[in-house]
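This report refers to the structure that appears directly beneath it.
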Amino acid sequence: MNEWLDDDIKPGNNLSKETIDGDIATLNLGPTHPATHGIFQNILKVDGERILSSEQTVGYIHRAFEKIAEHRPYNQITPLTDRLNYCSSPINNMGWHMTVEKLIQAEIPKKVDYMRVIIMELARIADHLICNSVIGVDTGALTGFTYVFQQREKIYELFEEVCGARLTTNVGRIGGFERDFSPTFHKKLKDFLKEFPKVFNEFDNLLSRNRIFMDRTINAGPISAERALEYSFSGPNLRAAGVDYDVRVMNPYSSYQDFDFIVPVGTQGDTYDRFQVRQEEIRQSLSIIKQALDAMPEGKYFADVPEFYLPPKEDVYNKMEALIYHFKIVMGETPVPVGEVYHSVEGGNGEVGFYLISDGGRAPFRLQFRRPCFIYYQAYPEMITGQSISDAVLTLSSMNVIAGELDA
Amino acid sequence: MSNSTITNEFALARLSAKFGDKIISSETPFDLLTIEVPSADAHEIIQWLKEDEVLKVSYLTNLGGVHYPTDKDREFAVVYHIHSLVNNFRIRVKAFIPLGNPAIATITDIFVGANWMERETFDFYGIIFTGHPNLKRILNEEDMDYHPMRKEYQLEDDTRQDKDNRFFGR
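Which chain is which? The protein sequence lines are A and B, in order.
When we follow this note's numbering, the leftmost residue of the first sequence carries the number 3, and every step to the right adds one.
When we follow this note's numbering, the leftmost residue of the second sequence carries the number 416, and every step to the right adds one.
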């Protein structure tokens with residue numbers, strides 16, 4: 003690619019009008035353009051259809067979560083994490099819970115781990131489904147989107163069954179879950195596991211080996227493995243470039259070491275590879291969910307951390323200790339150990355990290371979210387320079403940049 | 416974090432052999448090697464960590480600031496989390512800088528991806544990364560005249576009377 007570019011026109015350079023022949027137009031892609039699927043502004047310099055340079059503006063939905071987190075007790079921070087990558091909020095929720103559990107050194111029952119794995123993998127499927135079906139939409143293939151969105155709806159119904167919420171789930175608590183999976187959940191999950199592969203294969207047939215789709219996406223917005231690492235890419239975007247870094251395998255959390263799954267990698271790091279990596283990850287997630295269901299251990303669905311885990315309501319009304327703990331948790335009066343901890347999970351888009359400093363106060367002294375979108379979106383100008391405008395749109399959707407995570 | 420192929424002790428010994436007393440202190444909270452280095456040497460040490468043949472700590476996971484308002488001349492910390500994907504080994508590097516001169520060398524020449532992370536840290540804390548190619552605000556408005564993550568700025572307006580923060584866990 004980029005053969006048509008002169009030597010002095012390299013990706014990432016801002017070109018003046020004098021540098022090349024012909025008219026250069028300035029085009030505002032965004033902030034509110036339907037093709038950007040979120041609020042991102044890109045000021046493009048274009049020569050006809052070709053992009054010569056791009057300048058990004060981010061921060062349109064910055065909500066100062068890191069500042070707010072310094073003023074909230076630990077259990078009130080979970081709803082903030084919902085609103086980072088809102089396509090897979092359960093992963094963020096549980097990443098946060100596990101960070102606090104690491105700090106308080108709670109011992110988590112195996113059953114909680116397995117339940118979390120099921121919810122997190124469902125969230126990953128939902129996240130990847132949105133991303134991949136939207137890649138289809140941006141290439142002009144709307145049909146696949148409508149197929150899989152019904153299935154995404156089913157996943158949201160499953161979340162609803164577990165925690166009552168759908169998008170910003172706030173699922174689980176520090177220490178585990180508020181209740182065990184209900185029989186209805188098990189039935190719905192069984193139905194989903196039976197029905198989903200059929201629909202998913204149909205979706206896969208529509209796009210994966212579709213000549214038009216392949217021509218459209220191969221070589222659109224590529225990045226090499228070296229550059230991706232330099233830019234601290236993670237998740238499917240890094241794997242599409244050919245680096246097999248997956249937090250679930252490198253630093254297993256929540257008993258991921260118990261499950262057998264493969265980490266798909268691409269070679270070119272282009273839109274097609276990103277699409278294929280996500281497709282394969284959906285299949286692997288399904289397999290992980292089945293393994294977790296089959297091997298679901300007996301035991302309690304919460305850890306023995308009464309200072310953080312809200313007691314059942316009937317105990318609050320009838321037992322003194324439960325009432326005290328309830329009061330302390332709700333009022334944010336729980337003593338928290340002093341410490342400094344970094345914990346990361348494999349989110350829908352990559353390594354979602356939580357860097358937490360506790361000074362023993364009711365709220366974190368400092369909480370920083372490692373947001374994969376924020377980190378890899380800075381490579382976008384480099385990836386689209388020399389590409390056409392329609393490829394830039396495809397690149398954006400295939401990178402799965404989520405505004406909430408980008409701007410925190 | 417236990418499946419790393421090199422141990423914290425080995426990495427620390429290797430660092431100490433190379434940099435001696437430039438490693439001001441070290442600890443391993445939750446099994447993550449944390450070293451404190453002088454702000455003037457942070458760049459050199461991070462570059463060495465990346466280029467070292469054995470450690471190969473070449474993936475910048477995270478970069479951020481912390482404000483400790485009560486620590487005289489150590490008000491700001493810049494914290495780097497760096498990861499060796501080859502050895503699956505993580506290290507946290509901290510450099511403290513004073514409020515009077517909150518400046519530290521940029522590492523964008525070592526990791527391209529540090530660009531926005533440093534801009535964000537500048538935006539939040541006002542830490543100047545000298546040599547940064549484009550050090551301006553990223554998430555907040557450009558004409559904002561303060562750095563909001565500093566501890567002196569309250570989350571809500573101090574003058575607010577209708578709500579007693581003690582009762583809201585704040």
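All C-beta atoms, glycine included, are put in the ideal place defined by N, C-alpha and C.
- In the three-state DSSP reduction, residue 54(A) falls in the strand class (E or B).
- Between the C-alpha atoms of residue 246(A) and residue 240(A) there is a straight-line separation of about 8 Å.
- Taken in chain order, the complete beta strand (DSSP E) segments of 3 residues or longer contained in the stretch 328-366 of chain A are 341-348 and 353-360.
- The three-state reading of DSSP puts residue 497(B) in strand, counting E and B together.
- Note that the C-beta distance between residue 179(A) and residue 304(A) is below 9 Å.
- Residue contact with chain A for residue 489(B): absent (no Cβ-Cβ distance below 9 Å to any residue of chain A).
- If you look at residue 199(A), you'll find it in the alpha helix (DSSP H) that goes 185-209.
- Taking each of 190(A), 177(A), 350(A) and 144(A) in turn and checking the Cα distance to residue 159(A), the smallest one comes out for 190(A).
- Under a 10 Å Cβ-count criterion, residue 370(A) is classified as buried, with 16 or more other Cβ atoms of the shown protein chains found around its own Cβ.
- Around the Cβ of residue 188(A), a 10 Å sphere holds fewer than 16 other Cβ atoms; the residue is exposed.
- Judged by DSSP secondary structure, residue 453(B) falls outside any alpha helix (DSSP H) and instead within the beta strand (DSSP E) spanning 448-453.
- Within the stretch 232-272 of chain A, the complete alpha helix (DSSP H) runs of at least 4 residues fall at 238-242 and 249-252.
- Annotated as distal: residue 43(A) and residue 50(A), with beta-carbon spacing of 9 Å or more.
- A Cβ of chain A is located within less than 9 Å of the beta carbon of residue 530(B).
- 89(A) is the residue among 208(A), 116(A) and 89(A) whose C-alpha sits nearest the C-alpha of residue 172(A).
- Neighbours of residue 444(B) across chain A, judged by C-beta separation under 8 Å: 341, 342 and 343.
- Note: residue 387(A) is not bridge-paired with any residue in the DSSP secondary-structure output.
- The DSSP assignment places complete alpha helix (DSSP H) segments of no fewer than 4 residues inside the stretch 53-99 of chain A at 67-71 and 80-84, in order along the chain.
- The three-state reading of DSSP puts residue 551(B) in coil, since its state is none of H, G, I, E or B.
- Closest in C-alpha terms to residue 496(B), from the list 488(B), 526(B) and 482(B), comes 526(B).
- By DSSP's assignment, residue 545(B) forms a beta bridge with 520(B).
- Between the C-alpha atoms of residue 207(A) and residue 135(A) there is a straight-line separation of about 13 Å.
- Of all residues in the stretch 60-74 of chain A, only 60, 61, 64, 66, 68, 69, 70, 72, 73 and 74 place a beta-carbon less than 9 Å from a beta-carbon of chain B.
- Cβ contact annotation for residue 443(B) (same chain, cutoff 8 Å, sequence separation greater than five): 423 and 449, in chain order.
- The three-state secondary structure of residue 221(A), taken from DSSP, is coil.
- Within the stretch 249-273 of chain A, the residues whose Cβ lies closer than 7 Å to some Cβ of chain B are 252 and 253, listed in chain order.
- Closest in alpha carbon position to residue 269(A), among 250(A), 225(A) and 235(A), is 225(A).
- If you ignore the 5 residues before and after residue 108(A), its C-beta comes within less than 7 Å of the C-beta of 177, 305 and 307, all in its own chain and listed in chain order.
- Within 9 Å of the CB of residue 355(A), the CB atoms of chain B belong to 476, 477 and 496, in sequence order along the chain.
- Residue 139(A) and residue 169(A) have their C-alpha atoms roughly 21 Å apart.
- Interface with chain A (9 Å Cβ-Cβ cutoff): residue 563(B) is included.
- DSSP places residue 47(A) in no alpha helix (DSSP H) but in the uninterrupted beta strand (DSSP E) bounded by 43-49.
- Contact between the stretch 479-486 of chain B and the stretch 539-548 of chain B is present: 3 or more CB-CB pairs across the two stretches fall below 8 Å.
- According to the DSSP secondary-structure assignment, residue 30(A) is paired through a beta bridge with 45(A).
- Under the DSSP assignment, residue 510(B) falls in the beta strand (DSSP E) whose first and last residues are 504-512.
- Residues of the same chain with a CB within less than 7 Å of the CB of residue 94(A), apart from the 5 flanking positions on each side, are 83, 84, 86, 87, 349 and 354 in chain order.
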